[in-house]
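Peer 1: Protein chains in written order, with my numbering: chain L, 1 to 391; chain Y, 1 to 297.
We put the beta carbon where it would ideally sit given N, CA and C, even for glycine.
Everything numeric in this text was worked out from a predicted model, so none of it was measured.
Mind looking over this structure? Questions follow.
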Amino acid sequence: MKATCWMGKKRVEVQDVPDPKILNPRDAIIRVSSTAICGSDLHLYNGFVPSMEKGDILGHEFMGEVVEVGKGVSTLQVGDRVVVPFPIACGNCGACEAGATSLCENSNPNAWMAEKMWGHSPCGIFGYSHMLGGYAGGQAEYVRVPFADIGPLKVPSHLTDEQVLFLSDIFPTGYMGAEMCNIQPGAVVAVWGAGPVGLFAMASAKLLGAERVIAIDRFESRLARAKDGAGATHAINYEDNDVYDVLQGLTGGRGPDACIDAVGLEAHSDSVMYAVDRAKQAVMLESDRPLALRQAIRCCGNGGTVSVVGVYGGFIDKFPMGAVVNRSLTIKSGQCHVHRYMRPLLERIERGEIDPSFVVTHTLPLSAAAEGYDLFLHQRDECQKVVLKAA
Amino acid sequence: MLGVFSLTLGLAQLSAPERVAGLIGLKNNSRTRWAMRAIGLREVLSGLGILASGESAGPLWGRLAGDVVDLGLLGRGLTGGRQRRGRLLATTAAVAGVAAVDAYVAAKTSRNETIQKLVAPVHVVRSITINLPAEQIYQFWRKLENLPKFMSHLESVQDEGHTSRWRAKAPAGTHVEWQAEITLDRPNETIAWRSLEGASVPNRGAVCFKSSPHRRGTEVVVELKYEAPGGAVGATIAKLFGEEPGQQIASDLRRLKQVLETGSVVHSDASIHHGMHAARPAEDTETTKLTEGSGAQ
Chain L
1 MKATCWMGKK RVEVQDVPDP KILNPRDAII RVSSTAICGS DLHLYNGFVP
51 SMEKGDILGH EFMGEVVEVG KGVSTLQVGD RVVVPFPIAC GNCGACEAGA
101 TSLCENSNPN AWMAEKMWGH SPCGIFGYSH MLGGYAGGQA EYVRVPFADI
151 GPLKVPSHLT DEQVLFLSDI FPTGYMGAEM CNIQPGAVVA VWGAGPVGLF
201 AMASAKLLGA ERVIAIDRFE SRLARAKDGA GATHAINYED NDVYDVLQGL
251 TGGRGPDACI DAVGLEAHSD SVMYAVDRAK QAVMLESDRP LALRQAIRCC
301 GNGGTVSVVG VYGGFIDKFP MGAVVNRSLT IKSGQCHVHR YMRPLLERIE
351 RGEIDPSFVV THTLPLSAAA EGYDLFLHQR DECQKVVLKA A
Chain Y
1 MLGVFSLTLG LAQLSAPERV AGLIGLKNNS RTRWAMRAIG LREVLSGLGI
51 LASGESAGPL WGRLAGDVVD LGLLGRGLTG GRQRRGRLLA TTAAVAGVAA
101 VDAYVAAKTS RNETIQKLVA PVHVVRSITI NLPAEQIYQF WRKLENLPKF
151 MSHLESVQDE GHTSRWRAKA PAGTHVEWQA EITLDRPNET IAWRSLEGAS
201 VPNRGAVCFK SSPHRRGTEV VVELKYEAPG GAVGATIAKL FGEEPGQQIA
251 SDLRRLKQVL ETGSVVHSDA SIHHGMHAAR PAEDTETTKL TEGSGAQ
């Protein structure tokens with residue numbers, strides 16, 4: 001089959017690889033119809049995630065048709081059309097029982113590697129390094145899905161792939177980012193990053209009752225989509241404005257009630273600190289550059305919540321802990337527990353409360369995956385979200 | 001013992017340097033003969049020193065220093081060409097083995113506690129929480145035939161009534177077998193066992209099951225103690241090859257949890273193939289074979 005393989009820093013190639021096989025009784029094989037490139041795939045592409053090996057198959061946002069099921073799967077049948085959540089979760093362990101599926105205690109066969117890096121291991125993830133399991137990803141014609149009896153969600157045929165595909169990651173991820181803000185009536189929520197996850201965080205904050213939603217980015221096309229598509233009430237281009245001052249102005253000097261970091265470890269800024277953080281990353285003094293996170297903490301109003309859904313992998317410097325302690329801020333974070341959100345969000349889509357397809361700007365065949373990564377990374381042609389068609 | 005060995009080797013090198021050189025795989029010329037005589041003299045002196053000093057570790061460290069010098073010389077021989085490489089390699093391996101024994105005995109004889117700790121028996125304690133009642137986990141464990149399902153180094157365990165026969169993989173494709181007996185069996189609480197006399201790696205262990213707070217399943221604590229070949233030094237060396245005992249037990253417990261909670265050991269493409277291979281382009285995967293139940297790590 002054809003699959004998108006990571007061949008080294010800034011190199012992906014569509015290659016011929018062996019078809020996946022059922023390895024555990026609770027596996028299923030899915031023939032992928034649509035798969036997307038995630039912003040977090042760009043962290044792999046840029047070489048910021050350790051334990052990637054040449055040839056690893058990428059992709060954790062995908063959907064398709066069930067073509068084979070293991071003998072332990074009774075909830076799916078060959079021919080079912082399903083969306084697959086990116087965290088691999090068993091449904092039996094303590095974390096899964098508590099609904100925290102991205103903390104599944106059984107799905108990472110390389111847990112020892114993650115334990116060395118982070119102390120404890122989270123779940124395994126499709127196509128996201130050996131430290132997170134060494135699972136082949138879904139930017140391919142076929143993919144093996146473990147624990148298929150509890151993961152994949154059947155989707156109705158009247159919804160298009162583009163309307164349901166993002167239930168695999170970015171819609172639930174953005175939604176959880178907003179949910180962690182504990183939004184009260186009249187709340188002001190500021191979102192750093194108007195990429196796909198940021199857009200879904202904004203749309204979700206509106207769904208959850210925020211009165212003002214403020215988008216922060218440096219690309220006008222993204223800020224426009226934030227206002228037109230995601231329902232942001234205000235947009236700030238940080239290259240032309242002092243974000244802190246503008247937010248003060250929009251909140252009567254209080255600062256937002258909640259700030260969402262939908263940027264993560266490769267933040268960009270025009271400040272001196274950007275150069276400092278880049279230099280430190282280059283010589284391995286820090287692995288992640290937390291420019292958006294620092295600004296979100298500084299801007300957040302007293303007693304507010306900073307919700308982090310952008311991906312961080314390792315260590316950050318100059319973390320403003322003084323602001324957190326002295327101003328009673330709450331920091332919440334996590335990889336999304338997608339399983340928990342898929343069904344209720346599908347219902348919102350079916351009721352017409354949101355149409356997630358608004359984030360898509362490019363649709364390419366799977367064979368053009370390398371071009372898709374390049375478009376997305378360099379923001380060419382106002383690229384916001386790339387969907388690859390595998391069938 | 002090591003003293004006698006030194007003395008014999010030294011006398012042989014002094015009396016017939018050309019024959020020893022040939023045996024080792026070195027060219028027979030005047031330089032190697034003189035080197036042989038010098039090393040022989042060193043061996044005789046060190047042998048006498050060990051025999052004379054009785055329990056002291058000093059001369060043993062001297063032997064180890066000698067081994068290091070020899071390994072250096074052999075290394076030069078190997079890179080120098082014109083020698084008999086096969087024999088030289090065999091000799092190097094033999095000297096490295098002797099050096100390991102020397103280090104072990106010297107450390108054991110040493111009065112320094114820190115150094116003594118290096119050869120103490122390996123003692124590992126690891127735990128995991130399993131989302132099932134203690135009875136179920138106890139019953140699974142007590143059926144000793146189940147142990148190889150999650151202990152990756154075990155090949156089989158046969159329950160023979162009062163005793164049991166264990167067969168395990170050992171380094172370099174070898175196997176070890178031993179007999180063990182259960183020394184304590186408190187249903188749903190504790191099982192303890194120890195190897196019977198004659199085991200090549202004397203070992204004992206225990207597993208406790210206790211309910212975790214707020215009914216979050218059962219905490220399983222495993223304690224293992226064994227005399228690894230080479231003691232903790234051996235364990236440290238093994239660590240370099242990924243077989244560190246603490247890691248091994250932790251991974252075994254993780255597989256136990258997977259088997260009991262999800263029904264089987266969880267595999268990814270990378271955990272099935274050897275090394276760190278995910279599903280990769282065809283030319284890389286053709287050399288690896290998929291084997292049922294291969295190590296999940």
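Which residue from W192(L), R351(L) and V143(L) puts its Cα closest to that of L223(L)?
Peer 2: Here residue 223(L) corresponds to residue number 223 of the first sequence, with the count starting at 1. That would be W192(L), whose Cα lies nearest to the Cα of L223(L).
Peer 1: On the three-pair Cβ rule with 8 Å, is the stretch 107 to 123 of chain L touching the stretch 242 to 259 of chain Y?
Peer 2: Flag = yes, the stretch 107 to 123 of chain L and the stretch 242 to 259 of chain Y touch.
Peer 1: Answer yes or no: does any C-beta atom of chain C fall closer than 8 Å to that of R216(Y)?
Peer 2: Note that chain C does not occur in the displayed structure, where the protein chains are L and Y.
Peer 1: Would you say A170(Y) faces chain L, with C-beta separation under 8 Å as the test?
Peer 2: Here the question's residue 170(Y) lines up with position 170 in the second sequence. No, A170(Y) lies away from the interface with chain L (no Cβ there is under 8 Å from its Cβ).
Peer 1: Is it true that the stretch 235 to 249 of chain L meets the stretch 156 to 176 of chain L, where meeting means three or more beta-carbon pairs spaced less than 8 Å apart?
Peer 2: Counting Cβ pairs under 8 Å, fewer than three are found: no touch.
Peer 1: Reducing DSSP to helix, strand and coil, say where H337(L) ends up.
Peer 2: Position 337 of the first sequence, counting from 1, holds the residue named residue 337(L). DSSP places H337(L) in coil when its eight states are reduced to three.
Peer 1: Indicate, with yes or no, if the ligand SAM has a heavy atom lying under 7 Å from the CB of E13(L).
Peer 2: Inclusion of the ligand SAM in the displayed structure is not the case, the ligand content being empty and no account of it being possible.
Peer 1: Measuring only between beta-carbons, confirm whether I137(Y) sits less than 8 Å from chain L.
Peer 2: Locating residue 137(Y) in the second sequence gives position 137, counting from the first residue. Not one chain L Cβ lies under 8 Å of I137(Y).
Peer 1: So which residues of chain Y does Y135(L) contact, with C-beta pairs closer than 8 Å?
Peer 2: Taking the first sequence and counting its residues from 1, the one referred to as residue 135(L) is at position 135. Result: S268, D269, A270 and A278.
Peer 1: Just to confirm my understanding: we take M276(Y), look at its own chain, exclude 5 residues before and 5 after, and list those with CB closer than 7 Å. What are they?
Peer 2: On the second sequence, position 276 is the one that residue 276(Y) refers to. Residue placement at M276(Y) is poorly supported in this model, since its pLDDT is 49, which falls under 50; the coordinates are not used for a value here.
Peer 1: Compare the Cα-Cα distances from L58(L) to each of G137(L), Q295(L), P20(L) and Y142(L) and report the closest residue.
Peer 2: Numbered from 1 along the first sequence, position 58 holds the residue referred to as residue 58(L). L58(L) has its Cα closest to that of G137(L), out of G137(L), Q295(L), P20(L) and Y142(L).
Peer 1: Start and end of the beta strand (DSSP E) containing H175(Y)?
Peer 2: The count along the second sequence starts at 1 and reaches residue 175(Y) at position 175. Run containing H175(Y): T174 to R186, per the beta strand (DSSP E) assignment.
Peer 1: Strictly by DSSP, which residues pair up with W6(L)?
Peer 2: Residue numbering aside, residue 6(L) sits at position 6 when the first sequence is read from its first letter. DSSP lists V12(L) and D56(L) as partners of W6(L).
Peer 1: I'd like to know whether the C-beta of C90(L) is nearer than 8 Å to at least one C-beta of chain Y.
Peer 2: Position 90 of the first sequence holds residue 90(L). C90(L) counts as touching chain Y.
Peer 1: Using the Cα positions of H60(L) and L256(Y), report the straight-line distance between them to the nearest angstrom.
Peer 2: Mapped onto the first sequence, residue 60(L) falls at position 60. Mapped onto the second sequence, residue 256(Y) falls at position 256. Looking at the two C-alpha atoms, the distance is approximately 28 Å.
Peer 1: Cβ of G40(Y) less than 8 Å from any chain L Cβ?
Peer 2: As a working note, residue 40(Y) is residue 40 in the second sequence. Taking Cβ atoms only, chain L never reaches closer than 8 Å to G40(Y), which makes this a no.
Peer 1: Buried or exposed: which applies to E347(L), given that a residue is buried once 16 or more other Cβ atoms fall within 10 Å of its Cβ?
Peer 2: Counting from one through the first sequence, the residue named residue 347(L) turns up at place 347. It counts as exposed.
Peer 1: Look up T305(L) in the DSSP assignment and give the residues it is bridged to.
Peer 2: The count along the first sequence starts at 1 and reaches residue 305(L) at position 305. In DSSP, T305(L) forms a bridge with A258(L) and T330(L).
Peer 1: Helix, strand or coil: how does DSSP classify G66(Y) here?
Peer 2: As a first step, residue 66(Y) is located in the second sequence; it is residue number 66 there, counting from the start. In this structure, G66(Y) counts as helix in the three-state DSSP scheme.
Peer 1: Quick one: Cα of L250(L) to Cα of G186(L), how far?
Peer 2: One-based indexing of the first sequence puts residue 250(L) at position 250. One-based indexing of the first sequence puts residue 186(L) at position 186. C-alpha separation (whole angstroms): 13 Å.
Peer 1: Just to confirm my understanding: we take T291(Y), look at its own chain, exclude 5 residues before and 5 after, and list those with CB closer than 7 Å. What are they?
Peer 2: Taking the first residue of the second sequence as position 1, residue 291(Y) is located at position 291. Confidence is the limiting factor: at T291(Y) the pLDDT is only 34, short of 50, which leaves the residue's position unreliable and the question unanswerable from this model.
Peer 1: Helix, strand or coil: how does DSSP classify Q158(Y) here?
Peer 2: If you number the second sequence from 1, residue 158(Y) lands on position 158. Here Q158(Y) sits in strand by DSSP.
Peer 1: Using the beta-carbon of each residue, which ones in chain L are nearer than 9 Å to A250(Y)?
Peer 2: Walking along the second sequence from the start, residue 250(Y) turns up at place 250. Within chain L, the residues near A250(Y) are A111, W112 and E115.
Peer 1: Hey, is S15(Y)'s beta-carbon within less than 8 Å of any beta-carbon in chain L?
Peer 2: Taking the second sequence and counting its residues from 1, one reaches residue 15(Y) at position 15. No, S15(Y) does not count as interfacial toward chain L.
Peer 1: Are any of the Cβ atoms in chain L nearer than 8 Å to that of E18(Y)?
Peer 2: Counting from 1 along the second sequence, the entry for residue 18(Y) is found at position 18. E18(Y) does not count as touching chain L.
Peer 1: Report the residue from E239(L), V197(L), G252(L) and T173(L) whose alpha carbon sits nearest the alpha carbon of R212(L).
Peer 2: For the purposes of this step, residue 212(L) is taken as residue 212 along the first sequence, with counting starting at 1. Closest option to R212(L), Cα to Cα, is G252(L).
Peer 1: How is G242(Y) classed by DSSP in three states: helix, strand or coil?
Peer 2: Numbered from its first residue, the second sequence carries residue 242(Y) at position 242. Residue confidence for G242(Y) is low, a pLDDT of 49 falling below 50, so the modelled location carries little weight and cannot support an answer.
Peer 1: For a contact meaning CB atoms closer than 7 Å, what does E261(Y) contact in chain L?
Peer 2: Locating residue 261(Y) in the second sequence gives position 261, where the first residue counts as 1. C90, N92, C93 and N106, listed in chain order.
Peer 1: Which one of I130(Y), T174(Y), A172(Y) and A168(Y) has the shortest CA to CA distance from A180(Y)?
Peer 2: Along the second sequence, one-based indexing puts residue 180(Y) at 180. Comparing Cα-Cα distances from A180(Y) to each of I130(Y), T174(Y), A172(Y) and A168(Y), the minimum goes to A168(Y).
Peer 1: Report yes or no: is there a C-beta of chain L within less than 8 Å of the C-beta of K257(Y)?
Peer 2: Counting from 1 along the second sequence, the entry for residue 257(Y) is found at position 257. Cβ-Cβ to chain L under 8 Å: yes for K257(Y).
Peer 1: Quick one: residues in its chain with C-beta nearer than 6 Å to the C-beta of P290(L), no 5 flanking neighbours on either side, listed in chain order?
Peer 2: The sequence position of residue 290(L) within the first sequence is 290, counting from 1. Excluding residues within five positions, the ones whose Cβ falls inside 6 Å are I316.
Peer 1: Can you name the residues of chain Y whose CB is closer than 9 Å to the CB of N24(L)?
Peer 2: In the first sequence, the residue the question calls residue 24(L) occupies position 24. Those within 9 Å of N24(L) in chain Y are T262, G263, S264, V265, V266 and H267.
Peer 1: Nearest-angstrom Cα distance between D80(L) and P122(L)?
Peer 2: Counting from 1 along the first sequence, the entry for residue 80(L) is found at position 80. Counting from 1 along the first sequence, the entry for residue 122(L) is found at position 122. Using only the alpha carbons, I get a separation of about 29 Å.
Peer 1: Which chain L residues sit within Cβ distance under 7 Å of Q247(Y)?
Peer 2: Counting from one through the second sequence, the residue named residue 247(Y) turns up at place 247. Residues of chain L passing the Cβ test: W112.
Peer 1: Is the distance from the Cβ of D102(Y) to the Cβ of R42(Y) below 8 Å?
Peer 2: Translated into positions along the second sequence, residue 102(Y) becomes position 102. Translated into positions along the second sequence, residue 42(Y) becomes position 42. No, these two residues do not count as a Cβ contact at 8 Å.
Peer 1: Under the three-state reduction of DSSP, which class applies to L364(L): helix, strand or coil?
Peer 2: Counted from its first residue, the first sequence places residue 364(L) at position 364. Strand, per DSSP.
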